[in-house]
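In our numbering, the protein residues as written are 28 to 178. Heads up, the beta-carbon is just placed ideally off N, CA and C, and yes, glycines get one too. Please read all numbers here as calculations on a predicted model, not as lab measurements. Working notes, beginning with the structure itself.
Okay, here's the thing in structure tokens:
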């Protein structure tokens, strides 16, 4: 089953592609606009993947756990303060399928992600002016919608 959709979280919006290879094994790739908890300004970008394993499957719903690996580019539009960092995480999710049309899926995901990075800040003349610290918001709360193609 291959699904195209979107994911809305507390600090980001990401289009995604989710593939369930079997009833219990899935994979997702995503990428989109994000923001930091400190400034809530959508000037960051993130992209990554999820490896999913269903722990319970019915025709109308699926409960799964997963591992997340993503790369986040912070302050993309400000070349003097830009940085990037890898962010690992874990999730648990529940996806419901439409009873009338089994090709629509709605999901909620909860999880934890962790990473911190300290990086140098430069002025327009490329002189080091100090350090900044970026800490990824640790809690994951995602709402997602997928439209799956026919088998």
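CA-to-CA distance, residue j to residue i, given in whole angstroms
{"i": "residue 158", "j": "residue 150", "result": "12 Å"}
{"i": "residue 29", "j": "residue 136", "result": "19 Å"}
{"i": "residue 60", "j": "residue 126", "result": "32 Å"}
{"i": "residue 71", "j": "residue 77", "result": "20 Å"}
{"i": "residue 156", "j": "residue 111", "result": "19 Å"}
{"i": "residue 45", "j": "residue 172", "result": "10 Å"}
{"i": "residue 148", "j": "residue 94", "result": "32 Å"}
{"i": "residue 47", "j": "residue 177", "result": "13 Å"}
Integer-rounded CB distance, given that residue j should sit under 8 Å from residue i
{"i": "residue 91", "j": "residue 50", "result": "Wrong, their Cβ atoms sit about 11 Å apart, outside the cutoff."}
{"i": "residue 75", "j": "residue 54", "result": "Not a contact, Cβ separation roughly 11 Å."}
{"i": "residue 143", "j": "residue 160", "result": "7 Å"}
{"i": "residue 152", "j": "residue 34", "result": "Actually they are not in contact, since the Cβ atoms of residue 152 and residue 34 sit about 40 Å apart, beyond 8 Å."}
Nearest to residue i (by Cα), restricted to the options the options
{"i": "residue 69", "options": "112, 136, 34 and 38", "result": "38"}
{"i": "residue 64", "options": "177, 167 and 116", "result": "167"}
{"i": "residue 132", "options": "121, 142 and 99", "result": "121"}
{"i": "residue 97", "options": "110, 88 and 114", "result": "114"}
{"i": "residue 102", "options": "32, 66 and 141", "result": "66"}
{"i": "residue 128", "options": "109, 86 and 148", "result": "86"}
{"i": "residue 134", "options": "174, 141 and 73", "result": "174"}
{"i": "residue 119", "options": "79, 162, 154 and 73", "result": "79"}
{"i": "residue 41", "options": "32, 48 and 163", "result": "32"}
Beta-carbon proximity list for residue i, same chain, < 7 Å, skipping 5 on both sides
{"i": "residue 82", "result": "90, 91 and 92"}
{"i": "residue 139", "result": "116, 117, 165, 166 and 167"}
Same chain, Cβ closer than 8 Å to residue i, five either side skipped, listed in chain order
{"i": "residue 62", "result": "38, 39, 68, 69, 70 and 71"}
{"i": "residue 36", "result": "167, 168, 169 and 170"}
{"i": "residue 141", "result": "114, 115, 116, 163 and 165"}
Own chain partners of residue i with C-beta closer than 6 Å, once the 5 adjacent residues on each side are dropped
{"i": "residue 124", "result": "87 and 132"}
Which complete alpha helix (DSSP H) runs does the segment 84-120 hold, if anything under 4 residues is left out? none
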